[in-house]
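Each residue of the sequence shown is one higher than the one before, starting from 420 at the first, in this note's numbering.
Accompanying notes for the structure given below.
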Amino acid sequence: MQNIITYQSSFINHKQSMLSNSQTLKPSDPQTLQPFHSINCNGKLVELSTPKIMGILNLTPDSFSDGGKFNNEKSALEHAEKLLKDGAEIIDIGPQSTRPNAEFLNSKEEIERIGNVISRIKKEFPEALISLDTFYAETVKFGFNEGIDIINDISGGQYDDKMFDTAAETKLPYILMHVNPSYKTMHDKIKFEDITLEINRYFSGKTNELLEKGVKDIILDPGFGFGKTIEDQMKMIDETGYLGLSKFPLLIGISRKSFIYKPLGKSPLDINRETQKLHMKVLEQGAKILRVHDVAETAVTIGGFCEKNKKC
420 MQNIITYQSS FINHKQSMLS NSQTLKPSDP QTLQPFHSIN CNGKLVELST
470 PKIMGILNLT PDSFSDGGKF NNEKSALEHA EKLLKDGAEI IDIGPQSTRP
520 NAEFLNSKEE IERIGNVISR IKKEFPEALI SLDTFYAETV KFGFNEGIDI
570 INDISGGQYD DKMFDTAAET KLPYILMHVN PSYKTMHDKI KFEDITLEIN
620 RYFSGKTNEL LEKGVKDIIL DPGFGFGKTI EDQMKMIDET GYLGLSKFPL
670 LIGISRKSFI YKPLGKSPLD INRETQKLHM KVLEQGAKIL RVHDVAETAV
720 TIGGFCEKNK KC
């Protein structure tokens, strides 16, 4: 049984003043749709006025919804091609599952699992941006030499103390995710007084660390599916416009997450309609990147968002 930890956010007393003094940050305010964000990926400026799709490519045998489907080079390349054809601009390569009770790999094992997949995708699809989902600095170094464009670290630098320095050395964009402070407690449910303020407190501290190290391109991920209650995650959807306070681009990863399918009594493979409704909701509050399994359907959602708002 997962631990229930009570956490009293020190920021709870400041929320009302933050909201009253930051009218332009209200999720309902159309100005939240318009902050200019871009990221520098190996010298290529990627402008985010049109939201981007990050397609998931799991190389794992044990991921919760697609484990074992793409864990050889041939199937991985075929799936990468499909993701790109369906509308993804970023391919997120994951060598290790982070679902509860997943097999734990060290960096060497991750690198062995990746093999030549990164370099092969870069050769076959040079226009594709590749992010590498790892919390190991050594895996990042390997990926950098193979041609990755983005670091996707679910640990916020907490599981490898060399990660921030390595991110700075590579000069790659770094995805900072909100998560519990250790691998073993990654999925422990923590009860926060205010989840939005807790996430922003975390983002504030971690982005300051990254900026001090010299990391210039930061993307924020509030960490859906990692140590948060269903109620907190629905609140995060409702308050997406407040997360990060628009300073950095926001990535949302809710694809096939249990906070959607469990209350509905459905399979993670049978919630695409509900997921796309939530995608539209976060897009309307300023989300810039959607990390998804179902790329074609998400491309339709983004197209509808752009048509509705005349913003893209």
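Heads up, the beta-carbon is just placed ideally off N, CA and C, and yes, glycines get one too.
Values in this document were obtained by computation on a predicted structure and should not be read as measured data.
Exercise. On the three-state DSSP scale, how would you describe R532?
Worked result: By 1-based counting over the sequence shown, the position of residue 532 is 113. R532 falls in the helix class under three-state DSSP.
Problem set entry | Alpha-carbon to alpha-carbon, Q577 and Q704 | Residue mapping note: residue 704 aligns to position 285 of the sequence shown, counting from 1. Residue mapping note: residue 577 aligns to position 158 of the sequence shown, counting from 1. Taking the straight line joining both Cα atoms gives about 29 Å.
For this session: Please work out which residues of its chain come closer than 8 Å, Cβ to Cβ, to A715, disregarding the five sequence neighbours upstream and downstream, and give them in chain order.
Result: As a working mapping, residue 715 is identified with position 296 in the sequence shown. Cβ neighbours of A715 beyond the five flanking positions: D505, G506.
For this session: Could you tell me which of G474, T517, R710, Q515 sits nearest to L496, measuring between CA atoms?
Result: Taking the first residue of the sequence shown as position 1, residue 496 is located at position 77. The shortest Cα separation from L496 among G474, T517, R710, Q515 belongs to G474.
Exercise. What residue does the alpha helix (DSSP H) around S623 start on, and which one ends it?
Worked result: Stepping through the sequence shown from its first residue, residue 623 is reached at position 204. Segment 614-632, the alpha helix (DSSP H) holding S623.
Exercise. If you drop the 5 nearest sequence neighbours on each side, which residues of the same chain put their C-beta closer than 6 Å to that of T469?
Worked result: For the purposes of this step, residue 469 is taken as the residue at position 50 of the sequence shown. Result list for T469: C731, in chain order.
Problem set entry | Length of the line joining the Cα atoms of M582 and T717 | Here residue 582 refers to the residue found at position 163 when the sequence shown is read from its first residue. Here residue 717 refers to the residue found at position 298 when the sequence shown is read from its first residue. Spanning the two alpha carbons is a distance of roughly 31 Å.
For this session: With DSSP as the reference, label I656 as helix, strand or coil.
Result: Taking the sequence shown and counting its residues from 1, one reaches residue 656 at position 237. It is helical.
Exercise. What separation, rounded to the nearest whole angstrom, lies between the Cα atoms of E631 and S601?
Worked result: Within the sequence shown, the letter at position 212 stands for residue 631. Within the sequence shown, the letter at position 182 stands for residue 601. Computed Cα separation, rounded: 23 Å.
Exercise. Is K676 buried or exposed, if buried means 16 or more other CB atoms sit within 10 Å of its CB?
Worked result: Walking along the sequence shown from the start, residue 676 turns up at place 257. By the neighbour-count rule (16 or more Cβ atoms within 10 Å), K676 is buried.
For this session: Sort Q652, S516, I637 by Cα distance to A587 and report the nearest one.
Result: Here residue 587 corresponds to residue number 168 of the sequence shown, with the count starting at 1. Taking only the C-alpha atoms, the option nearest A587 is I637.
Exercise. What are the uninterrupted segments assigned as beta strand (DSSP E) that are 3 or more residues long and contained completely in the stretch 634-698, given in chain order?
Worked result: Listed in chain order, they are 637-640.
For this session: Would you mind stating whether G575 and D607 have Cβ atoms separated by less than 8 Å?
Result: For the purposes of this step, residue 575 is taken as residue 156 along the sequence shown, with counting starting at 1. For the purposes of this step, residue 607 is taken as residue 188 along the sequence shown, with counting starting at 1. Against a cut-off of 8 Å, the Cβ pair of D607 and G575 comes out as no contact.
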